[in-house]
Amino acid sequence: MLIKQATYLTSVVDKEKLISDEKPEFAFVGRSNVGKSSIINNLTGKKNLAKTSSSPGHTRMINYFEINGGQFRFVDLPGYGFHKAGKKNQSMWAELIESYLTGSECLKTVFMLVDSRIEPTELDKIMCKFLIQTGRNFVVIATKADKLSRAKQNQAKKQIASALGIREDIIIFHSSLNSQGKEQILNYIENLI
């Protein structure tokens, strides 16, 4: 699949304003600073479509991006686990994420991002369990894969699968620097739309 067009659509901070129509959506979720914006920019080939930030917790709303003239959408969910955000904001974002993940009828797949260099965190494990319990289709994307050799990636895949209690074949390694995994993710999307 080739993404020829990608545009920012809207940002939502109120669960009552979540988009509900027939267009397929692919959501990106993960802890703060795991690389959600970077992967969206890499997949679309647009450097600044999703805003990246050196300070974690930058995404505070659900951001919608229209792909290929409305063929489908990418949805960037707020990062979880950013402690400086304060408990009130954390709980507001958690409620917004939960409302989207349980309520969206457009959602085809959740791409759950984890850092390939470290073992999944407790929050990653909670998110994975939540996706399993809600019956959501999901794929785990191990980001920053360029930092690991192929041998280390194989070890990391086993570690991630074991920590999250999932099969290894639903883990894709991705690098925004060298585009490893990009084609695999786009082919996966194409098969679902």
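For what it's worth, our numbering labels the leading residue of the sequence shown as 1421, then goes sequentially. Every residue, glycine too, gets a C-beta built ideally from N, C-alpha and C. Every value quoted in this text rests on a predicted model; they were computed, and no experiment measured them.
Straight across, the Cα-Cα distance linking residue 1470 with residue 1497 is about 11 Å. Residue nearest to residue 1604 within the set 1569, 1443 and 1561 is 1561 (criterion: CA-CA distance).
Within 10 angstroms of the beta-carbon of residue 1447 lie 16 or more other beta-carbons, which makes it buried.
Using a Cβ distance threshold of 7 Å, residue 1424 and residue 1488 count as a contacting pair.
The beta carbons of residue 1428 and residue 1485 sit closer together than 7 Å. Using a C-beta cut-off of 8 Å, the region 1568–1576 makes contact with the region 1523–1539, since at least three inter-stretch Cβ pairs fall below that distance.
Take residue 1600, set aside five residues on each side of it, and the residues of its chain with a beta-carbon closer than 8 Å to its own are 1565, 1566, 1593 and 1594, in chain order. For residue 1556 and residue 1613, the gap between their C-alpha atoms comes out near 16 Å.
In the displayed model, residue 1532 falls within a strand according to three-state DSSP.
Assignment of residue 1570 by DSSP, reduced to helix, strand and coil, places it in the helix class. In the three-state scheme derived from DSSP, where H, G and I count as helix and E and B as strand, residue 1527 is classed as strand. The straight-line gap separating the alpha-carbon atoms of residue 1531 and residue 1436 is approximately 23 Å.
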